[in-house]
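Student: If you scroll down you'll find the structure; I have some questions about it.
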Amino acid sequence: MSQSVHTMARAASPLPRPRIAPAALSRMLSWFVALAALALIGISLGSFLYHRRQLNIIAAEHVRMVVTGPGYLQAGAIGVFNLATTTVTGEPWPAQIEWTLATPEGKRLIDRKERTDEKGCLMLVVPADMDFPAGLHAPLQLSVTAACAASRAEVAVPLPLRTASYITHLSLDRRTYRPGETVYFRSLTLSRFALAADRNWPIEFTIVDAKSKPLPGLPLVGLTDRGVGNGAWRLPENLPDGKYALIARTLDDLFPPERLDFTVAGVLPQATDEIKASRPTKGTADDVSVTFYPEGGRLPAGIECQVYVATRDGAEHPIELRGTVIDRRGDRVATVQTASSGLGSFTLVPDAGETY
């Protein structure tokens, strides 16, 4: 009986589990990782090909437009904007262009239809003589539409308008005066970009001393004619020697005040030794004094200089004189002739180290 029970107990015990060798387990894990990597590569490649195909479809159906240019329009100056049309991938794509320039109220100042070239490029030009409405405070609107096949692209850009600016040039009949002499002056005012005298305006002329104090009896006010203003003013007989300036300005501040300096001298300054005059021996009845006044007081090399001449006889009376300016080699570089007032001038481009 006891033998039977022992046999049954042995039969009921669990069977031992089979054990996997470490090398086999490592091979299985390697295969699993390789299969997972291949699956990920396949998924990534499929996603890339799908998105690439979608991008090609978009590129084939949509036009891309880029407009570059200034951020404002300047009255009196040309406005240039460069336009380029491409596919989404950047390939040039010729397109039909419609563009307008309109006021804030929607009035179209420019309305054009053009086409880009084979490279997809087009230049939009706002002419310099554009007649803009007066009193604009809000920006103008530049609107551009590009159409190619079934695709369209639109760009709208606000462009503030800067009013026309002007420049003025002043000139005097000379740069050195004696007290009591008359100063003759002239101005020329033009638009800065078009260089045109597009209007007449009141202009004010003032002469000030070295302390910027206006001389009595000034300013003089007149109206320009085709951009030109002019006038004359007699210096007081008792005007002190010194530096003075002619100043021109407009009453509506169209251009900043323009200034031109000049000198008042009761006795003209001595001539510089950069230009020397040949004169007869003193003590004769034909004594002649020739004095040179380079503009600015010096003769800078390589720059055209204006040289003023004053001629007097032995009694300090003005005389007429005709002469020639020569260099050290005796070559003629300029001619000069004074009037009955004994005054004249000539121009010269000096060479460095030369004596005349």
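Numbers 5 to 360, taken from this note's numbering, label the letters of the sequence shown in order. For each residue, glycine too, the CB sits at the ideal point set by N, CA and C.
So is Ser195 buried or exposed if we call it buried at 16+ other beta carbons inside 10 Å?
Tutor: Buried, by the Cβ-count rule.
Student: Drop a sphere of 10 angstroms on the beta-carbon of Phe36, count the other beta-carbons inside from all chains shown, and report buried for 16 or more, exposed for fewer.
Tutor: Looking at its Cβ environment, which holds fewer than 16 other Cβ atoms inside 10 Å, Phe36 is exposed.
Student: Under the rule that 16 or more other beta-carbon atoms within 10 Å means buried, what is Val45, buried or exposed?
Tutor: This sequence places Ile at residue 45; Val is not what is there. Exposed: under 16 other Cβ atoms inside 10 Å.
Student: Given a threshold of 16 other Cβ atoms within 10 Å of its Cβ, counted over all protein chains shown, does Thr172 qualify as buried or as exposed?
Tutor: Looking at its Cβ environment, which holds 16 or more other Cβ atoms inside 10 Å, Thr172 is buried.
Student: Measuring alpha carbon to alpha carbon, tell me which of Pro98, Leu128, Phe85 and Pro162 ends up nearest His66.
Tutor: Ranking Pro98, Leu128, Phe85 and Pro162 by Cα distance to His66 puts Pro98 first.
Student: By the three-class DSSP mapping on this structure, what secondary structure does His55 have?
Tutor: In this structure, His55 counts as helix in the three-state DSSP scheme.
Student: CB-CB under 8 angstroms to Glu241, same chain, minus the five flanking residues each way: which ones, in chain order?
Tutor: So the list reads Pro183 and Gly184, once near-sequence residues are dropped.
Student: Mind checking which residues open and close the beta strand (DSSP E) that includes Gly235?
Tutor: Here the beta strand (DSSP E) through Gly235 covers Val232 to Arg238.
Student: Is it a yes or a no for the segment 133 to 141 touching the segment 88 to 96, going by three-plus beta-carbon pairs under 8 angstroms?
Tutor: These segments do not touch.
Student: Where do the N-terminal and C-terminal ends of the beta strand (DSSP E) with Ala157 fall, by residue?
Tutor: Note, Ala157: beta strand (DSSP E), Ser155 to Leu163.
Student: May I ask which residues mark the beginning and end of the beta strand (DSSP E) holding Asp265?
Tutor: Segment Glu262 to Val268, the beta strand (DSSP E) holding Asp265.
Student: Note down the Cα distance separating Val84 from Met127, rounded to an integer number of angstroms.
Tutor: Their backbone Cα atoms lie some 7 angstroms apart in a straight line.
Student: Nearest to Pro298 by alpha carbon, out of Leu325, Thr267, Asp317 and Pro322?
Tutor: The option with the nearest alpha carbon to Pro298 is Thr267.
Student: Buried or exposed for Ile307, please, with buried defined as at least 16 other CB atoms from any protein chain shown within 10 angstroms of its CB.
Tutor: Exposed: under 16 other Cβ atoms inside 10 Å.
Student: How about Ala338 and Leu352: are their beta carbons less than 8 angstroms apart?
Tutor: Yes. Within cutoff.
Student: If you drop the 5 nearest sequence neighbours on each side, which residues of the same chain put their C-beta closer than 6 angstroms to that of Gln100?
Tutor: The answer, listed in chain order, is Arg119 and Ala151.
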